[in-house]
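This report refers to the structure that appears directly beneath it.
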Amino acid sequence: MTHRISRIVASVALAGMAASALAQQPPAAPAGPTPKHSCAKPGDFPGGLASDNQRKNWQKGYVEYVDCLKKFINEQQALAEPHVKASNDAINEYNDGVKEYNAQIEKAKGN
Numbered sequence: 020m021t022h023r024i025s026r027i028v029a030s031v032a033l034a035g036m037a038a039s040a041l042a043q044q045p046p047a048a049p050a051g052p053t054p055k056h057s058c059a060k061p062g063d064f065p066g067g068l069a070s071d072n073q074r075k076n077w078q079k080g081y082v083e084y085v086d087c088l089k090k091f092i093n094e095q096q097a098l099a100e101p102h103v104k105a106s107n108d109a110i111n112e113y114n115d116g117v118k119e120y121n122a123q124i125e126k127a128k129g130n
């Protein structure tokens with residue numbers, strides 16, 4: 020019985036050390052340079068002395084800029100989604116494993 024408890028404790032300790040070692044590894048380097056948007060930012064807002072045409076042109080440029088940024092953000096989030104899901108799945112698997120190990124230790128202590 021004591022041998023069985025020792026074996027379970029050793030397994031948990033090894034799993035903890037392995038998880039700790041994995042957590043200390045630096046993240047993988049990105050495959051390439053971090054993408055940047057190519058949206059053209061409009062200049063300064065034309066003041067009160069500007070013509071209606073100048074203000075309309077600035078507003079049009081601003082709307083195009085904001086739409087471009089939204090498109091870039093949506094594209095980047097779509098590219099990141101599978102990676103975030105994989106990360107969350109691994110986190111859940113890790114948490115489930117720790118719960119299982121802890122339950123086994125508690126069960127072994129009770130016997």
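For the sequence shown, the tail end lands on 130 under this note's numbering, and the numbers increase by one without skipping. C-beta atoms are modelled at their ideal positions from N, C-alpha and C, and glycine is treated no differently.
What residue range is occupied by the uninterrupted alpha helix (DSSP H) comprising residue i?
i: C58; result: Neither: C58 is in no alpha helix (DSSP H) and is coded neither H nor E.
Indicate the three-state DSSP secondary structure (helix, strand or coil) for residue i in the structure shown.
i: S106; result: helix
i: G116; result: helix
i: A122; result: helix
i: P65; result: coil
i: G51; result: coil
i: N111; result: helix
Taking the C-alpha atoms as reference points, what is the distance between residue i and residue j?
i: E119; j: Y113; result: 10 angstroms
i: P61; j: K79; result: 9 angstroms
i: Y84; j: L68; result: 24 angstroms
i: W77; j: C87; result: 15 angstroms
i: F91; j: H102; result: 18 angstroms
i: L98; j: E125; result: 42 angstroms
i: P65; j: A59; result: 17 angstroms
i: P54; j: S70; result: 37 angstroms
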